[in-house]
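Peer 1: Chains as they are written, first to last, in the working numbering: chain A, 1 to 284; chain B, 1001 to 1249.
Where is the CB? At the ideal position from N, CA and C, for every residue including glycine.
Attaching a single structure in structure tokens format; questions to follow.
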């Protein structure tokens, strides 16, 4: 704090040389990027089909006209996403925990949890959406909601919980057995060991892959459009048909990307942090 | 004095076709320190894991204060609570601070109030010289400090018996001393200890008796000075000669 460290002449020369190299690298990168961008721009805009592409996909008037309805539809996607984002981790963690239970009493529960993950990871989400979203309301059972959107949410939650359960299970199994041995040696029961020692470590480790699944979920909520719920995708479809123009799809796609970017950055950050922690000495 | 604090009789443990323990007889009396020596793979750690009920024995009886703890009807959690274990790799919980590592068992298993548990944990941490590290996470400590924290954690249930599984094997040479000093203090305070160790000099100083495990059986046991200084069995002499060659005695 009080004085800058005294640096030898040799070191000063080295640093001057490194600064020179760094300036040169920046300049080269700048030039090559500019050249590359110019060539690309000219190649695209000079190509014979470009005006038609521009008119069909990037039409400003259509974009302006369709944006309000698409944005309104996106609000439905966001609400569906919010429900799924709460339900999926809860059910996923429960299924994962059930699969790791020991003892003969829990045999049927273990089997059930295993069958659940196998079936719902295997079945295409779109088939499940049709089955649950159209099929269940068609039964006209008393006291059962007939909203296709509600059943669309159920279908998405069923599928994603199966994926997330496997992520949690991998996390649970990644905690070294010596941690369980240490906890059990202190007199902790199986359940206490799981809850206080294993799960906290497991959840921290799988945070990056979980966020990755969340990014996937963000766009898959758009699939409820197949149940004719007017979400962003369905709204874009309607607008596209009205204008006979594809710009509404581009707009809807762009909105989904904007929705996903913050989560993707968060996932990167979480991965980085986890890596740093492992490198700081790791666990056992 | 009634019977021994710990008594193993004819203990057998198999892993598949491999018979790791082939009829072990070892007793540890109250306030006694017994050292298990033997080559890697001789069964030292397996025996400790059997005593702590982390492994189920395939034959024989282990008694803690006369109670047969190998009886399948015994509540294993309760038995484990009476035995303190320190592992070679410390096995501290990395997501909990040192203080939380130590207070976990009293709070969760015995329902002690947080404040009370913390007070006694702080006393223990002071005893192992880590009072200033209570709030730190295990990763931030040196190996020797981690192992001392692990010892404090093992002592928190006021165990009847302390099992030490090569507690210095993972440590850098200059950190071994601080852990051994602590174990020596515990022995001096009358703790009943069964320890697997490669530190022959330490075993000689601290252990009342030494037990040489070889190929799943107790080849020789007796007073430390006799077994380490004037062994009867040829296998014991061979083993000790190799250790001396390696400069560990």
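1. Residue 197 of chain A touches chain B at which residues, Cβ-Cβ below 7 Å?
2. Spatial neighbours of residue 283 of chain A within its chain, please: C-beta separation below 6 Å, excluding the five flanking residues on both sides.
3. Taking C-beta to C-beta, are residue 157 of chain A and residue 206 of chain A nearer than 9 Å?
4. Looking only at its own chain, which residues have a Cβ that is under 8 Å from the Cβ of residue 281 of chain A, when we skip the five neighbours before and after it?
5. Let me see if you follow: with CB-CB separation under 9 Å, is residue 1083 of chain B close to chain A or not?
6. Return yes when the C-beta of residue 1117 of chain B is under 8 Å from any heavy atom of the ligand FAD, and no when it is not.
7. Along the beta strand (DSSP E) that carries residue 1122 of chain B, what are the first and last residues, could you check?
8. When the distance is taken between beta carbons, is residue 1020 of chain B closer than 9 Å to residue 1053 of chain B?
9. Can you find a C-beta in chain A that's less than 9 Å from the C-beta of residue 1156 of chain B?
10. Going along chain A in order, which residues have a C-beta closer than 9 Å to the C-beta of residue 1109 of chain B?
11. In three-state DSSP terms, what is residue 1218 of chain B?
12. When you compare the CB of residue 1087 of chain B with every CB in chain A, is at least one pair closer than 9 Å?
13. Would you mind listing the alpha helix (DSSP H) stretches within the segment 184-223 of chain A that are 4+ residues and don't spill past its ends, in chain order?
14. In terms of alpha-carbon separation, which member of A:185, A:194, A:172 lies closest to residue 1163 of chain B?
15. Quick one: Cα of residue 262 of chain A to Cα of residue 269 of chain A, how far?
16. Apart from the five residues on each side of it in sequence, which residues of its chain come closer than 8 Å, Cβ to Cβ, to residue 1094 of chain B?
17. Ignore the nearest five residues each way along the sequence and tell me which others in residue 1088 of chain B's own chain have a CB closer than 6 Å to its CB.
18. Using DSSP with H/G/I as helix, E/B as strand and the rest coil, what is residue 1069 of chain B?
19. Could you give the uninterrupted runs of the alpha helix (DSSP H) lying entirely in the segment 52-102 of chain A, keeping only those of 4 residues or more?
20. By alpha-carbon positions, which one of A:247, A:141, A:121 ends up nearest to residue 56 of chain A?
21. List, in order along the chain, the chain A residues whose C-beta lies closer than 7 Å to that of residue 1130 of chain B?
22. Opposite residue 1223 of chain B in the DSSP bridges: which residues?
23. Is there a C-beta anywhere in chain A that falls below 9 Å from the one on residue 1104 of chain B?
24. Can you tell me the Cα-Cα spacing of residue 276 of chain A and residue 41 of chain A, whole angstroms?
25. Output the boundary residues of the beta strand (DSSP E) element that contains residue 1196 of chain B.
26. Given a limit of 9 Å on CB to CB distance, which residues of the segment 1042-1060 of chain B reach chain A?
27. If I measure Cβ to Cβ from residue 134 of chain A and keep anything under 6 Å in the same chain, skipping five residues before and after, which residues do I get?
28. Is residue 267 of chain A helix, strand or coil when you go by DSSP?
29. At least one CB of chain A closer than 9 Å to the CB of residue 1077 of chain B: is that the case?
30. Measuring alpha carbon to alpha carbon, tell me which residue in A:272, A:243, A:266 is nearest residue 58 of chain A.
31. In the DSSP assignment, what are the bridge partners of residue 1086 of chain B?
32. In three-state DSSP terms, what is residue 1007 of chain B?
33. Which residues in the same chain as residue 1092 of chain B place their Cβ atom closer than 8 Å to its Cβ, once the five residues preceding and following it in sequence are excluded?
34. If you run the structure through DSSP and keep just helix, strand and coil, what is residue 1063 of chain B?
35. Name the DSSP bridge partner or partners of residue 1027 of chain B?
36. Would residue 204 of chain A count as contacting chain D if we go by Cβ distances under 9 Å?
Peer 2: Answer, in terms of the structure:
1. 1093
2. Only weak support exists for where residue 283 of chain A lies, its pLDDT of 40 falling under 50; the coordinates are left without a value.
3. no
4. Per-residue confidence for residue 281 of chain A stands at a pLDDT of 45, beneath the threshold of 50, marking its modelled position as unreliable; the derived number appears in the next sentence. There are no such residues.
5. yes
6. The ligand FAD is not part of the structure shown, which contains no ligands of any sort.
7. Looking at the DSSP string, residue 1122 of chain B is not in any beta strand (DSSP E); the run it does join, the alpha helix (DSSP H), is 1114-1127.
8. no
9. yes
10. 186, 187, 188, 189, 192
11. strand
12. yes
13. 199-220
14. A:185
15. 11 Å
16. 1137, 1138, 1139
17. 1165, 1166, 1169, 1170
18. coil
19. 60-100
20. A:247
21. The contacting residues do not exist; residue 1130 of chain B stays about 17 Å from chain A at best.
22. B:1209
23. yes
24. 40 Å
25. 1193-1196
26. 1049, 1052, 1053, 1054
27. none
28. helix
29. yes
30. A:243
31. B:1164
32. strand
33. 1098, 1101, 1138, 1146, 1149, 1150, 1153
34. strand
35. B:1007
36. The structure shown contains no chain D; the protein chains it does contain are A and B.
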